[in-house]
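A.B. asks:
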DNA sequence: CTGTTAGCGCCTTCAT
DNA sequence: ATGAAGGCGCTAACAG
């Protein structure tokens, strides 16, 4: 059905073979505008014969559309770009963008440096931006030029729609589960202090502890397993009577379990542990991890779709988080 | 240093402000061709003042360069695109491509369907392709038009350079470790049968077992944890005397451990378990997982760089795999 | 309904 | 060393 062309066919070639003008060929291929059934057929046949594939770059150039969707991640160093969470966002976004002829780029946004984001906004090849690890400062630094084609995975603003998991509700479900199981000395390992969307679970924790008349025991974390392991030791040291630890990520929670085991503490016998994310391995560990689901892939797909579509999205789109009760708590 | 332009500046604007022609501006900005120090300075100043960012799409159009690097994954269904391994490849590639103004696209390649790859080769916006899960058939289906700008993570060919971990050596190290620890009834959970790069560890296993006069015990797998769990049961059923299991991925190995635990078998007391990959969580589980390292990120970076650079790469680039001995074996 | 005419933003011979 | 001109591949008004 196609002759292996040495030089890929262009619209011009298609038009010539079909015996019509470029415009007509363009119309039937892009599906825009009118065309007689006859012309339509000629063009389709020519496309088939030539194995013609439109060039998204040329198309974007004339339409002013852009060919890249940027995933921009705020962080203290470029190492944030190596994060599995970021990779999942990029992968899911790429999958959505591919049919549209759009590629995904990955940028590190240093703290307190609006220049990078400014440049991205001035790059005419950029069709939109997904912000990750968003802060108020970052939102304030979003240039006008990006209006309407930028979204955030995390907190949003009046001009930047937000897509995120409902981690307040998820956290509440986990904490209530802990409470229902009789746990009363519950420590929490949080995310980075500068990250607003990691503070919401903390607020939930504070509120619930206050309501139940229980003490607040908070340890800073960074979503990673290594920190969980050290945090477990710290928690044991500062509050020897703890009977539960809630970590804001599964990786951290598994680190906590490792740390507790290091100290000879049984899980869940002595201390219950719960995480957040429901990573694939959460059901495989010993003990299997109690956690709350976190549909990162679906969130990224929704965010990318919103940017691609370009029509105004709802200010906040929350994805439900469900408790997944396993053995660890 | 930049006035927030409503409409991003173009080369034309820069030239006007600098008081030179577009050609001159282009030369100094692209760093190609000659330019007087005076002109150079004028242009640089104008770029700064206007906050000019070149449009990679326009540039690619005129140079015939392309703006997207395609990660193409062979698999039975589009679900392969959701794999964390694939996401890591995409993320690492995106990081490399971004400075070059190139975005990453993600394609699923169905079995026995050369059309998709053909189309990719005819898309003039594609600057190169990284093949993942490569087979001989796939290699044979690589169109001429892709020559010199396609690489494989997995097996390669005369025209497709290969980038991969040295999983033969890695597997040998793991298996010798098992043997040195006194294990003599070693089963192996492999990858998909159709995946050549997953067969290399199997060959190594066969050779070593033969050399040591030990029985071959092979179970098919799919790299995933769930399969490891069921495979453990099968192994126990078919070969009640096994004292070790080597799984071709850490996920699978952790599944195996879970499956053994389900059956009341102690790890490593009764049966040792080893994996391959050294994922971040491998050191956190109970018992901590013995495995071999697998620098996926570095491999993807090398592959993407090779495609971007466009100069012929070595036929095969092998990344070393190191034994990481922990508690499970 | 179709073809002609202009570009989108940029690079690259060619003269100068 | 610089400018003018042409064109990469495509779409979007325009006329016809």
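Chains as they are written, first to last, in the working numbering: chain A, 93 to 421; chain B, 93 to 421. Glycine included, each C-beta is placed from N, C-alpha and C at the ideal position. What you are looking at is a predicted structure, and each value in this text was computed from that prediction instead of being measured.
Would you kindly work out how many angstroms separate the C-alpha atoms of residue 108(A) and residue 142(B), rounded to a whole number?
C.D. replies: Mapped onto the first chain, residue 108(A) falls at position 16. Mapped onto the second chain, residue 142(B) falls at position 50. Computed Cα separation, rounded: 42 Å.
A.B. asks: Give the interface partners of residue 289(A) over in chain B, defined as CB-CB distance under 7 Å, in chain order.
C.D. replies: Taking the first chain and counting its residues from 1, the one referred to as residue 289(A) is at position 197. Within chain B, no residue comes near residue 289(A); the closest Cβ sits about 20 Å away, beyond 7 Å.
A.B. asks: Could you give the distance in angstroms between the alpha-carbon of residue 384(A) and the alpha-carbon of residue 260(A)?
C.D. replies: Numbered from its first residue, the first chain carries residue 384(A) at position 292. Numbered from its first residue, the first chain carries residue 260(A) at position 168. So the two alpha carbons sit approximately 11 Å from each other.
A.B. asks: With respect to the alpha helix (DSSP H) encompassing residue 166(B), which residues constitute its N-terminal and C-terminal limits?
C.D. replies: Here residue 166(B) refers to the residue found at position 74 when the second chain is read from its first residue. No alpha helix (DSSP H) contains residue 166(B), which is instead part of the beta strand (DSSP E) from 160-167.
A.B. asks: Quick check on the DSSP output: the alpha helix (DSSP H) that includes residue 148(B) runs from which residue to which?
C.D. replies: In the second chain, the residue the question calls residue 148(B) occupies position 56. Residue 148(B) -> alpha helix (DSSP H) spans 148-155.
A.B. asks: Who does residue 199(B) pair with in a DSSP beta bridge?
C.D. replies: Mapped onto the second chain, residue 199(B) falls at position 107. Paired residue(s): 164(B).
A.B. asks: In the DSSP assignment, the beta strand (DSSP E) including residue 338(A) goes from what residue to what residue?
C.D. replies: On the first chain, position 246 is the one that residue 338(A) refers to. Per DSSP, residue 338(A) belongs to the beta strand (DSSP E) from 336-339.
A.B. asks: From residue 209(B) to residue 195(A), what distance separates their C-alpha atoms?
C.D. replies: Position 117 of the second chain, counting from 1, holds the residue named residue 209(B). Position 103 of the first chain, counting from 1, holds the residue named residue 195(A). Straight-line Cα distance between these residues: approximately 17 Å.
A.B. asks: What is the rounded straight-line gap between the Cα of residue 368(A) and the Cα of residue 256(A)?
C.D. replies: Counting from 1 along the first chain, the entry for residue 368(A) is found at position 276. Counting from 1 along the first chain, the entry for residue 256(A) is found at position 164. Their backbone Cα atoms lie some 14 Å apart in a straight line.
A.B. asks: Taking 9 Å as the cut-off, decide whether the C-beta atoms of residue 364(A) and residue 273(A) are in contact.
C.D. replies: Reading the first chain from its first residue, position 272 is the one you call residue 364(A). Reading the first chain from its first residue, position 181 is the one you call residue 273(A). It is a contact, given that the beta carbons lie within the stated cut-off.
A.B. asks: By the 7 Å beta-carbon criterion, what residues does the stretch 359-381 of chain A contribute toward chain B?
C.D. replies: So the close ones are 372, 373, 376, 377 and 378.
A.B. asks: Near residue 351(B), which residues of its chain fall below 6 Å by C-beta distance, leaving aside the five closest residues on each side in sequence?
C.D. replies: Indexing the second chain from 1 puts residue 351(B) at position 259. Taken in chain order, the residues that qualify are 321, 324 and 325.
A.B. asks: Would you tell me roughly how many angstroms separate the C-alpha atoms of residue 178(A) and residue 169(B), rounded to the nearest one?
C.D. replies: The count along the first chain starts at 1 and reaches residue 178(A) at position 86. The count along the second chain starts at 1 and reaches residue 169(B) at position 77. If I take the Cα positions, the gap works out to 24 Å.
A.B. asks: Residues in the stretch 236-254 of chain B with C-beta within 9 Å of chain A's C-beta atoms, listed in sequence order?
C.D. replies: From the stretch 236-254 of chain B, only 236 and 237 have a Cβ closer than 9 Å to chain A.
A.B. asks: For residue 263(B), report the span of its alpha helix (DSSP H) as first-last.
C.D. replies: Against the second chain, residue 263(B) aligns to sequence position 171. Residues 259-272.
A.B. asks: From the DSSP output, read off the bridge partner residues of residue 279(A).
C.D. replies: On the first chain, position 187 is the one that residue 279(A) refers to. Residue 279(A) pairs with 337(A).
A.B. asks: Looking at chain A, is there any beta carbon in it that lies within less than 9 Å of the beta carbon of residue 179(B)?
C.D. replies: The residue labelled residue 179(B) in the question sits at position 87 within the second chain. Judged by the 9 Å Cβ criterion, residue 179(B) is in contact with chain A.
A.B. asks: For the putative contact between residue 391(A) and residue 245(A), defined by C-beta atoms under 8 Å, what is the C-beta separation to the nearest angstrom?
C.D. replies: Taking the first chain and counting its residues from 1, the one referred to as residue 391(A) is at position 299. Taking the first chain and counting its residues from 1, the one referred to as residue 245(A) is at position 153. Confirmed, Cβ separation roughly 6 Å.
A.B. asks: Using CA coordinates, which residue listed in 396(A), 224(A) and 262(A) is at the minimum distance from residue 160(A)?
C.D. replies: Taking the first residue of the first chain as position 1, residue 160(A) is located at position 68. Among 396(A), 224(A) and 262(A), the Cα nearest to that of residue 160(A) is on 396(A).
A.B. asks: Using a Cβ-Cβ cut-off of 9 Å, state whether residue 199(B) counts as contacting chain A.
C.D. replies: Against the second chain, residue 199(B) aligns to sequence position 107. Interface residue, yes.
A.B. asks: With which residues is residue 385(A) paired in a DSSP beta bridge?
C.D. replies: Along the first chain, read from residue 1 onward, the residue named residue 385(A) stands at position 293. According to DSSP, which records beta bridges pairwise, residue 385(A) is partnered with 369(A).
A.B. asks: Any Cβ of chain A within less than 9 Å of the Cβ of residue 328(B)?
C.D. replies: Position 236 of the second chain, counted from the first residue, corresponds to residue 328(B). No, residue 328(B) does not count as interfacial toward chain A.
A.B. asks: Just to confirm, is the Cβ distance from residue 358(B) to residue 378(A) under 9 Å?
C.D. replies: By 1-based counting over the second chain, the position of residue 358(B) is 266. By 1-based counting over the first chain, the position of residue 378(A) is 286. For residue 358(B) and residue 378(A), no; Cβs fall outside 9 Å.
A.B. asks: Quick check on the DSSP output: the beta strand (DSSP E) that includes residue 220(A) runs from which residue to which?
C.D. replies: Sequence index remark: in the first chain, residue 220(A) carries index 128 (1-based). Its beta strand (DSSP E) spans residues 218-224.
A.B. asks: Please classify residue 203(B) as buried or exposed, where buried requires at least 16 neighbouring CB atoms within 10 angstroms.
C.D. replies: By 1-based counting over the second chain, the position of residue 203(B) is 111. Flag for residue 203(B) reads exposed.
A.B. asks: Taking DSSP as the reference, what is the three-state secondary structure of residue 245(A)?
C.D. replies: Counted from its first residue, the first chain places residue 245(A) at position 153. Note: residue 245(A) maps to strand in three-state DSSP.
A.B. asks: Identify, in the order they occur along the chain, each residue of the same chain with its Cβ nearer than 8 Å to the Cβ of residue 197(A), setting aside the five sequence neighbours on each side.
C.D. replies: Here residue 197(A) corresponds to residue number 105 of the first chain, with the count starting at 1. The residues are 160, 161, 162, 163 and 218.
A.B. asks: Using the C-alpha atoms, what's the distance from residue 283(B) back to residue 311(B)?
C.D. replies: What you label residue 311(B) is simply residue 219 of the second chain in a count that begins at 1. What you label residue 283(B) is simply residue 191 of the second chain in a count that begins at 1. Spanning the two alpha carbons is a distance of roughly 9 Å.
A.B. asks: Chain B beta carbons: is any one of them nearer than 9 Å to that of residue 233(A)?
C.D. replies: Looking up residue 233(A) in the first chain gives position 141. Chain B contact via Cβ: absent.
A.B. asks: Compare the C-alpha of residue 298(B) against each of 309(B), 135(B) and 290(B) and name the closest.
C.D. replies: Translated into the one-based positions of the second chain, residue 298(B) becomes position 206. Here the closest residue by C-alpha is 309(B).
A.B. asks: Using a Cβ-Cβ distance cut-off of 9 Å, determine whether residue 259(A) contacts chain B.
C.D. replies: For this step, residue 259(A) is matched to residue 167 along the first chain. Not closer than 9 Å to any Cβ of chain B, the Cβ of residue 259(A) fails to qualify, so no.
A.B. asks: Taking Cβ-Cβ distances below 7 Å as the criterion, which residues of the stretch 127-157 of chain B are in contact with chain A?
C.D. replies: Within the stretch 127-157 of chain B, the qualifying residues are 143, 145, 147, 148, 149, 150, 152 and 153.
A.B. asks: Output needed in chain order: residues of the stretch 107-124 of chain B with a Cβ under 8 Å from some Cβ in chain A.
C.D. replies: Answer in chain order: no residues at all.
A.B. asks: Quick one: what does DSSP say residue 352(A) is sitting in, helix, strand or coil?
C.D. replies: By one-based count along the first chain, residue 352(A) stands at place 260. Reduced to three states, the DSSP call for residue 352(A) is helix.
A.B. asks: So what's residue 296(A) in DSSP terms, helix, strand or just coil?
C.D. replies: Counting from 1 along the first chain, the entry for residue 296(A) is found at position 204. Three-state result, residue 296(A): helix.
A.B. asks: Any chance the stretch 397-416 of chain A sits against the stretch 261-270 of chain A, with 3 or more Cβ pairs inside 8 Å?
C.D. replies: Taking 8 Å as the limit for Cβ pairs, the verdict is that the stretch 261-270 of chain A does touch the stretch 397-416 of chain A.
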